[in-house]
Structures are given as structure tokens and as C-alpha cells.
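Novice: I have a structure I would like to understand better, so I am pasting it below and will then ask my questions one at a time.
Numbering (mature numbering (1 follows the signal peptide of the UniProt record, and there is no 0)), first residue to last: -24 to -1, 1 to 173.
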């Protein structure tokens, strides 16, 4: 076989494999009986807490968990199907753990105490202009203070400390300031008396 024929056969095989829809029975064919006695009451309570939708026994056929989805929402992790979009122990991929202060939101470990798009829980978005503080949308951000107003300079010096010393000759910047002069009274003669009618 030539190299060209071999490569076209390989491409055709890959194409056919991608077109095949893999179907599987989500429940295993073999039955699992849980035989417990009184001494193992803790294992009984753990079995009751398991999700009914989890498929147990997927190690031999891991594609059974994907159910035809791409990217798969569920993956076979530790011989059971796990929702990797929200499981804290398997976030995004098997074995990826979210730390104590993070949650698995859509395959990513996020801090829901501070995240604006996942505030307090996955998918909760804070309104525009609000912050996410301790998992709740806080009040609006503080309004910035207005810009400072430029001071208007007075036309004359206001305080005496701005006046020039007495010995210095007056300048255009510091005009001389004289105390106001009271209006002069015209002298009246002593013998003048106004006429009375």
C-alpha cells in the first residue's frame, strides 16, 4: 500500500469513528446488592445519601457518562459518573479540587465571595456599579468627590501680613492703603442763627 492510500484510509477511519454515536445504557446491567448488617450503619447512611442519577461502575466504559454531550458535562471519576461543571472534588476534570473558599462554577474554581458574575452562588450577577462583598452584592460604590474649585484671588490684600512694610516704597502690586478720612465739616459762624418762621 502506498503512503497516500494509507493516509486516506486512516482519515476515513477517524471520520467514521467520529460519526458513530456511542450509545450506552446509563444503568449497569449487573445488579448491585447492598448487604449490610447492624455493625455497618454508617455505610448504609452513606449509600442513602448518594445521588440516584450517579452511575456507579463506569470504569470499564467511561464514555457512558458523557451521554453524547461535547464537552461532556459528566465524566467517569473513581468508577462513578460525576458532574464536572459543579462538583468541588472534580471541577472541570477528574481530581481537580476547589479549595475551601471556592466553588466549582461551569468547570472553574471561583471565589464566590468576590466574583461579580458569581456572587454568593454560581450564576448570580451583581448589578452594574455594585461590588460583591462576602457573597452578596454591596451597595453602590462611593461617588467620587467633585474636582476642587479653584480659589478666586482677591483684588486687594485681605490680611495685614500681606501689606508691605512701611519703609518700602509702594509698588503696583501692593498699593498704599490709607485709613479713610472723615468728611470735613464746613465751619459755621458763631453768631449765625437760623431763622425761625
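Cβ atoms here follow ideal geometry from the backbone N, Cα and C, with glycine treated the same way.
Applying the criterion that 16 or more other CB atoms from any shown protein chain within 10 Å of the CB defines a buried residue, is residue 55 buried or exposed?
Specialist: What you label residue 55 is simply residue 79 of the chain shown in a count that begins at 1. Label assigned to residue 55: exposed.
Novice: Could you have a look at residue -19 and say whether DSSP puts it in helix, strand or coil?
Specialist: Counted from its first residue, the chain shown places residue -19 at position 6. Helix, per DSSP.
Novice: Do you know offhand how far residue 102's Cα is from residue 53's?
Specialist: One-based indexing of the chain shown puts residue 102 at position 126. One-based indexing of the chain shown puts residue 53 at position 77. Their backbone Cα atoms lie some 34 Å apart in a straight line.
Novice: Cutting at 7 Å between CB atoms, please list the residues of its own chain near residue 78, excluding the five before and the five after it.
Specialist: As a first step, residue 78 is located in the chain shown; it is residue number 102 there, counting from the start. Within the same chain, residue 78 has close Cβ partners 85, 86 and 87.
Novice: If you reduce the DSSP assignment to three classes, tell me which class residue 107 lands in.
Specialist: Looking up residue 107 in the chain shown gives position 131. Three-state result, residue 107: strand.
Novice: Apart from the five residues just before and just after residue 42, which ones in its own chain have a Cβ nearer than 7 Å to its Cβ?
Specialist: Sequence index remark: in the chain shown, residue 42 carries index 66 (1-based). If we look at residue 42 and ignore the five residues flanking it on each side, its Cβ neighbours are 48 and 50.
Novice: Pick out whichever of 157, 92 and 64 has its Cα sitting closest to the Cα of residue 80.
Specialist: Along the chain shown, read from residue 1 onward, the residue named residue 80 stands at position 104. When each option's Cα is compared against that of residue 80, the closest is 64.
Novice: Looking at residue 61 and residue 83, is the spacing between their C-beta atoms short of 7 Å?
Specialist: As a working mapping, residue 83 is identified with position 107 in the chain shown. As a working mapping, residue 61 is identified with position 85 in the chain shown. In contact: residue 83 and residue 61 (Cβ atoms closer than 7 Å).
Novice: Beta-carbon within less than 7 Å of residue -20's beta-carbon, same chain only, minus the 5 sequence neighbours each way: which residues are those?
Specialist: Numbered from its first residue, the chain shown carries residue -20 at position 5. Correct list: empty, nothing qualifies.
Novice: Going by CA-CA distance only, name the one from 75, 76 and 39 that's closest to residue 58.
Specialist: One-based indexing of the chain shown puts residue 58 at position 82. Closest option to residue 58, Cα to Cα, is 39.
Novice: Could you say which of 76, 35 and -13 lies nearest to residue 70 if we only look at CA atoms?
Specialist: On the chain shown, residue 70 is found 94 positions in, with the first residue counted as 1. Of the candidates 76, 35 and -13, the one whose C-alpha sits nearest the C-alpha of residue 70 is 35.
Novice: How many angstroms separate the CA atom of residue -17 from the CA atom of residue 94?
Specialist: Residue numbering aside, residue -17 sits at position 8 when the chain shown is read from its first letter. Residue numbering aside, residue 94 sits at position 118 when the chain shown is read from its first letter. Straight-line Cα distance between these residues: approximately 48 Å.
Novice: In chain order, which continuous runs of the beta strand (DSSP E) of length 3 or greater are located wholly inside the segment 53 to 85?
Specialist: The segment 53 to 85 contains these whole beta strand (DSSP E) runs: 57 to 59 and 79 to 81.
Novice: To the nearest angstrom, how far is the alpha carbon of residue -13 from that of residue 76?
Specialist: If you number the chain shown from 1, residue -13 lands on position 12. If you number the chain shown from 1, residue 76 lands on position 100. Each residue's alpha carbon lies about 48 Å from the other.
Novice: What number of angstroms, rounded off, separates the C-alpha of residue 99 from the C-alpha of residue -23?
Specialist: Working through the chain shown from its first residue, we reach residue 99 at position 123. Working through the chain shown from its first residue, we reach residue -23 at position 2. Roughly 55 Å separates the two Cα atoms.
Novice: Considering only the alpha carbon of each residue, which of 114, 97 and 110 lies closest to residue 104?
Specialist: Numbered from its first residue, the chain shown carries residue 104 at position 128. Of the listed residues, the one whose Cα sits closest to residue 104 is 114.
Novice: Would you report the Cα separation of residue 44 and residue 68, rounded to the nearest angstrom?
Specialist: Mapped onto the chain shown, residue 44 falls at position 68. Mapped onto the chain shown, residue 68 falls at position 92. Looking at the two C-alpha atoms, the distance is approximately 17 Å.
Novice: Using a Cβ-Cβ cut-off of 6 Å (strictly less than) and excluding sequence neighbours within five positions of residue 73, which residues of its own chain qualify?
Specialist: Taking the first residue of the chain shown as 1, we reach residue 73 at position 97. Taken in chain order, the residues that qualify are 65.
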